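**Student:** Mind having a look at this structure? Questions to follow.
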Amino acid sequence: MLLPRIVASVGARARLLQQVRVALSVGAHSAATVGSSARDVNVGAPSVRFLHEPQHVRQPEPPAPTFIGGAEDPGVAALASASAPSETPTPNPADAVKQESSDVLMKRALEPLSSFESARIAFGELRMRGEKLSEKYYMALLHKASREGRYEQVWGGYEAFLEDEKRGEVQVPPIAATTWSRATLIRQQMHRFVLWALLDARRFSSLTSFYRSNVPHQPNRLGIHESDPLNFLLHLECTVKLTDEQEQGMCHRVEILLRTMELFKFHTSYSAAHALFRIMLRRPEIFQTSVGEKSMRRRPQESGDGDEAAPSEEISVGTLIIKYMNRYSCALNLDSKRLSIAVSAAAAAHQHDATRLLLQHAATHHVAIDAGSFAHAVENAPDEVQRLEIVDMYTHANEHQLVYTTQDANTSIANYLLLFAVFDGNFKHMMELLHEMQLYNNKISNRTASELFESIAQYRMDARQPPDESDSSGYGGNAEADMERKLAECPTIMELVEKFPNAIPRTIHTFSQAILQSLRGGDLIVALELMQSALWTKGIKLRPEIFSQLLYPLLADATGGRRGDEVNSFSEFDRVEVERCFDRQYPGERVRLNALILNICQSNDDLATMLVCLDRWQGQRHPALSRRATQRVFDMITKQIRHLRQGEAVTPVTSFIVDGTPLSYLAFLLRYRGIMVWDAWTIGGAIIRSGSNGLQTDVVALLAEADSRKLVLESAAYGVVLGVLGGMGKPSAVVAYSEKMKADGTWEDTVRKFPKVGEVLSHASGELDEMRSEEDERR
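Now the structure itself:
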């Protein structure tokens, strides 16, 4: 069984990368199909596609049902085509694409209406031209293969993508080496297509092994983390879809997953069930047609009272959810948490009728409902009469011991509800859930804390933005008063941490995210308070990056005093306090903090704050800059010089003054002599950069400094020196320094790496000879 799969996989990669064949080998495909079907179970699901409009793909044959693709068996198709009579040969499309431009081929590969074969040929031609393609082109190819039922091309194409990625042939956005890898949305869609192909081919063992080896190990931007592939697919289907997919296809795929869970006696996870309930509550029309058709097909004796629905009747949302729970009783098991999640989700969506029906359904089946879910239903009732009705239902459930609480639990359904309330921007529901979790001592997860703090920071940052003059929807009048009113409506992150100590845990992750998001929202004082609170908490040690993010805005604020602006009197105290707190947790590592701040300055192109940092570095007599820090300083100087020289009034001899210091490498070396290492690497780098930016005088001065220290520079520095001396019209200096280099043994190595140096010396020697001959003539 293993050998045919390997053969099929290798064949798929060869088609994608080398364009050797047009179709899969009949024998390899048939062997793989028979081998996989011998051990796997036939679920017997109807044919379903990844639908799109209009649909220009092969239609399914009635006797060959499949899970998703709905295409006829490729082996049968190949045999049929082999037995068909020969026709007039048509031009090979692979030859036609060679005449087309790369832009046309890229558009064709991404075109939703193009077939897999057309996209595959365009993709292969682009690869043969040496084009580096991004993930979206691989995803488009897998999408078309899934849509046409070419299952082996799906997982073979993904394996080829992984091999291309290892060889560096996939175009990826540049990220820092220290950045954690995270699965993009496109990568998740590729996982989705492979999992669906394996599920469609009924290769359940391969489905589980692929999921375990590729999906759970990487964090993803959607935050979908499930323990098994079926729940992962269900959660993903209910969360995001491709732009060209029809919602009808999504409904069929959801039902396939639920039916498969029923077959294997799986339960939906609480997170996947919550995603399913949310989309049912917000888009019930996607599922109402399916439920109505199945109800009409049932015999009267098989359906319960009131279970039939006329074709013209629209099923209510609550009835829709209950019908799905009845139909998939194992997957959507009626336990307390799952039904409580459904009740709270319905209340958050302001679907009061659905909330009432679900509570009645729970009472009928004697399922306990969480007390918080009752509170959500009461709070979101549209009027007093319906609010009292929910209260009566709570009283009845409490009398029959059908109310439960998650007291002192690290996990609860409220955590899921809070996370999705943050996503929905439902501030009222967020505060209700925080009060509930505070009451029952339920801790929020790290991800929920991050999303909660980010939403608070985003609101406070938007409130501080200056009002748009064309926008008449604001408060109007005094903009300052409007800003203060908006900020007062939203608590700070520090207020949340203090008000809900039982819900928001005091951990390193919580404090780190709270400080960073407070800075993002413009609450610098709040961030300093959070730092103090973290230091007072036992066992909390913040990362050095947190201190650098705190100290940077304080140093940037100090630049106002250097310009003569009004400076806050407590800014210097706060700067010293942050440094002391860092020294308390990282004694003797102040250089690390300063280097991190230089990194931030370089990222923000902030030369003024970099000068403040270097002044404090030298004034506090810390160890010298490392080579990496020195390179950051030189990079900043280079960028500033090139930016300033783009002005119209700038001449080659124009010099720039920054904070009383000329903007040059030599001036910075002299200003920060106490923390700069005057070695061959530093001086040689300054010479090369000075020569590249037209600072010829600095090149000569730096060369004299290197000679006085008897330093041997690298060949590139000597090449720049000789070129500058020759450009300044000093042939005698060129010849003299060349003789010195020959005596030192550095001339041969320099000429070998930079042959133009020899031309400079020959030209200078020629000029000297001409000058001597002219002098002789005068005599």
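Under my numbering, read the sequence shown as residues 2 to 780, first letter to last.
Glycine included, each C-beta is placed from N, C-alpha and C at the ideal position.
Nothing here was measured: the structure is a model prediction, and the numbers come from that model.
#1: Mind checking who Val404 pairs with in its DSSP beta bridge?
#2: DSSP state of Leu712, grouped into three classes?
#3: Please report the straight-line C-alpha distance between Pro220 and Gln697, rounded to a whole angstrom.
#4: Alpha carbon to alpha carbon, how far is Gln172 from Leu453?
#5: Suppose you measure from the CA of Val721 to the CA of Ile689; what does that come to, to the nearest Å?
#6: Rounding to the nearest angstrom, what Cα-Cα distance links Gln514 and Ser451 in this structure?
#7: Look up Asn232 in the DSSP assignment and say whether it is helix, strand or coil.
#8: Return the chain-ordered list of same chain residues with a C-beta closer than 6 angstroms to the C-beta of Pro285, the five sequence neighbours on each side being excluded.
#9: Who pairs with Asn221 in a beta bridge, going by DSSP?
#10: Would you identify the three-state DSSP class for Val725, choosing helix, strand or coil?
#11: With Ser549 and Leu594 assumed to form a contact (beta carbons below 8 angstroms), what rounded beta-carbon distance in angstroms separates them?
#12: When DSSP labels each residue in this structure, what does Glu114 get in the three-state scheme?
#13: Go through its chain and collect everything with a Cβ distance to Phe194's Cβ below 7 angstroms, but skip five positions before and after it.
#14: Quick one: using the 10 Å Cβ neighbour count with 16 as the cut-off for buried, is Trp197 buried or exposed?
#15: Exposed or buried, what is Leu704 when buried is set at 16 or more other beta-carbons lying within 10 Å of its beta-carbon?
#16: Could you give the first and the last residue of the continuous alpha helix (DSSP H) run that contains Tyr417?
#17: When the Cβ atoms of the stretch 396-404 are set against those of the stretch 376-388, are three or more pairs found closer than 8 angstroms?
#18: Comparing alpha-carbon positions, which option in Gln459, Glu490, Asn503 and Gln387 lies nearest Leu434?
#19: Where do the N-terminal and C-terminal ends of the alpha helix (DSSP H) with Trp618 fall, by residue?
#20: For Pro545, name the three-state secondary structure that DSSP assigns.
#21: What three-state label does DSSP hand Phe445 in the structure shown?
#22: Write down every uninterrupted run of the alpha helix (DSSP H) in the stretch 644-687 whose length is 4 residues or greater and which is fully enclosed by it, in chain order.
#23: Using the three-state DSSP reduction, which class does Leu208 fall into: helix, strand or coil?
#24: Beta-carbon within less than 8 angstroms of Arg629's beta-carbon, same chain only, minus the 5 sequence neighbours each way: which residues are those?
#25: Return the chain-ordered list of same chain residues with a C-beta closer than 8 angstroms to the C-beta of Gln352, the five sequence neighbours on each side being excluded.
#26: Is the stretch 404-416 touching the stretch 460-467, taking contact as three or more C-beta pairs under 8 angstroms?
#27: Taking 8 angstroms as the threshold, find out whether the stretch 753-765 comes into contact with the stretch 722-733 through three or more Cβ pairs.
#28: Please state the DSSP three-state secondary structure of Val736.
#29: Considering only residues of the stretch 746-771, which uninterrupted alpha helix (DSSP H) runs meet the minimum length of 4 residues and lie entirely inside it, listed in chain order?
#30: In whole angstroms, what is the alpha-carbon distance linking Leu556 and Ile658?
#31: Using only the alpha-carbon positions, how far apart do Met637 and Gln603 sit?
#32: So, for Ile547: in the same chain, excluding its five sequence neighbours on each side, which residues have a beta-carbon less than 6 angstroms away from its beta-carbon?
#33: For the alpha helix (DSSP H) holding Ile601, just list the boundary residues, first then last.
#34: So Lys137 is in the alpha helix (DSSP H); what residue range does that whole segment cover?
#35: Give the range of the alpha helix (DSSP H) segment to which Ser572 is assigned.
#36: Leaving out the 5 sequence neighbours to the left and right, which residues in its chain are closer than 7 angstroms to Ala702 when beta-carbon positions are compared?
**Tutor:** This is what the structure holds:
#1: For Val404, which the question treats as bridged, DSSP gives the partners Ile370.
#2: Coil.
#3: C-alpha separation (whole angstroms): 51 angstroms.
#4: Linking Gln172 to Leu453 through their CA atoms gives a straight-line distance of about 34 angstroms.
#5: The alpha-carbon atoms of Val721 and Ile689 are separated by roughly 6 angstroms.
#6: The straight-line gap from Cα to Cα measures roughly 6 angstroms.
#7: The answer is helix: DSSP assigns Asn232 an H, G or I state.
#8: Once the five neighbours on either side are set aside, the close Cβ partners of Pro285 are Val318 and Leu321.
#9: DSSP lists Ala184 as partners of Asn221.
#10: It is helical.
#11: Contact holds; Cβ gap of about 6 angstroms.
#12: The displayed chain sequence assigns Leu, not Glu, to residue 114. Reduced to three states, the DSSP call for Leu114 is coil.
#13: Excluding its 5 nearest sequence neighbours in each direction, Phe194 has C-beta neighbours in its own chain below 7 angstroms: Leu143, His144, Ser147 and Val155, listed in chain order.
#14: Result: buried.
#15: When all chains shown are included, Leu704 counts as buried.
#16: From DSSP, the alpha helix (DSSP H) with Tyr417 extends over Ile414 to Asp425.
#17: Contact between the stretch 396-404 and the stretch 376-388 is absent: fewer than 3 CB-CB pairs across the two stretches fall below 8 angstroms.
#18: With respect to the C-alpha of Leu434, the residue from Gln459, Glu490, Asn503 and Gln387 having the closest C-alpha is Asn503.
#19: Leu608 to Gly620 is the extent of the alpha helix (DSSP H) around Trp618.
#20: DSSP places Pro545 in the helix class (H, G or I) of the three-state scheme.
#21: The sequence shown places Ile at residue 445, not Phe. Coil at Ile445, not helix or strand.
#22: Within the stretch 644-687, the complete alpha helix (DSSP H) runs of at least 4 residues are 666-672.
#23: Judged by DSSP in its simplified three-state form, Leu208 adopts helix.
#24: Counting only Cβ-Cβ distances below 8 angstroms, and skipping sequence neighbours, we find Ala596.
#25: Within the same chain, Cβ atoms closer than 8 angstroms to the Cβ of Gln352 are found at Leu282, Val318 and Gly319, the five residues on either side in sequence being excluded.
#26: Verdict: no, contact absent.
#27: These segments touch.
#28: Helix at Val736.
#29: Segments of the alpha helix (DSSP H) lying fully in the stretch 746-771: 748-754.
#30: Ile658 has its alpha-carbon roughly 21 angstroms from the corresponding atom of Leu556.
#31: Rounded to the nearest angstrom, the two C-alpha atoms are 6 angstroms apart.
#32: Counting only Cβ-Cβ distances below 6 angstroms, and skipping sequence neighbours, we find Ser513 and Ile516.
#33: For Ile601, the enclosing alpha helix (DSSP H) starts and ends at Arg591 to Ser604.
#34: Start and end: Glu136 to Arg148.
#35: For Ser572, the enclosing alpha helix (DSSP H) starts and ends at Ser572 to Gln586.
#36: These residues qualify, in order along the chain: Leu667.
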